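The block underneath contains the structure these notes are about, expressed in structure tokens.
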Amino acid sequence: MRDFNLKEVERTRKIQTKFWTTPQEKAQLLENMNRAGYRTLGSYLLKMGLDGYVVNIDFSEIKSTLGELGSVRSELNKIGNNINQVAKHVNHSHEIDVMDFYILEEEMKSMRKQMEKFEKQVVQTFNNKINQLEGN
């Protein structure tokens, strides 16, 4: 029978750190550890804690931009109501008033301009966020 020397192992790291998780958090940590190619949770957590980074994304600009979608919808509803009124008038009288047609055409042009402006604003906002994430 061998006699083992149970003297304390000389360690580089002298402080042990413990923390609590839920079962779901533990499962996610283990999944991330395996995906990253680490064999022990301790080595994975140490590496991520020291060299990893956390990305916090502020989506308030995007939410604000998308919030304007409500006003665009409102404008579309107004135009839709106007189109319905013109259609009812045409069906009833079998003729279209030039002024009604002109007003409808102008509203459609205005709506197109608003949509183009909105699309550009959405694209610009997303591009800004992507650039921030890429560190540019």
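Numbering follows numbering that gives the first Met the number 0, with no gaps: position 136 of the sequence shown is 135. Virtual Cβ for every residue (Gly too), placed ideally from N, Cα, C. Bear in mind that the values here come from a model prediction, so they are computed numbers and not experimental data.
Whose C-alpha, out of the options, is nearest the C-alpha of residue i?
i    : options         : result
L40  : K25, L49, Y52   : K25
E118 : G66, N90, T11   : G66
E105 : G51, N81, F125  : N81
D158 : A86, Q23, K128  : In the structure displayed, the chain extends from 0 to 135; residue 158 sits before or after that span and is not available.
M47  : L28, D57, E133  : L28
Q15  : L45, Y37, E115  : L45
N127 : E30, G51, E60   : E60
G134 : Q23, R38, Y52   : Y52
V129 : K112, I56, K116 : Looking at the sequence shown, residue 129 is not Val but Ile. With distances taken between Cα atoms, I129 lies closest to I56.
What does a CB cutoff of less than 7 angstroms around residue i pick up in its chain, not counting 5 residues either side in sequence?
i   : result
A35 : Y43
Excluding sequence positions up to five away, which residues of its chain have a Cβ less than 6 angstroms from the Cβ of residue i?
i   : result
R10 : none
I89 : The sequence shown places Val at residue 89, rather than the Ile named in the question. These residues qualify, in order along the chain: I95.
Is the distance from the Cβ of residue i to the Cβ of residue j below 7 angstroms?
i    : j   : result
S110 : E74 : With the sequence shown as reference, residue 110 is identified as Met, and Ser is not the correct amino acid for it. Yes, the pair counts as a contact, with Cβ atoms nearer than the cut-off.
For residue i, which residues in the same chain have their Cβ closer than 8 angstroms to its Cβ, ignoring the five residues on either side in sequence?
i    : result
L103 : I78, N81, I82, V85
Roughly how far, in whole angstroms, is the beta-carbon of residue i from the beta-carbon of residue j, given that I think they are within contact range, below 8 angstroms?
i    : j   : result
L114 : V71 : Strictly speaking, residue 114 in this sequence is Met, with Leu absent from that position. Correct: roughly 7 angstroms between the Cβ atoms.
Contact the region 115–129 vs the region 86–97: 3+ CB pairs below 8 angstroms: They do not touch, by the three-pair rule.
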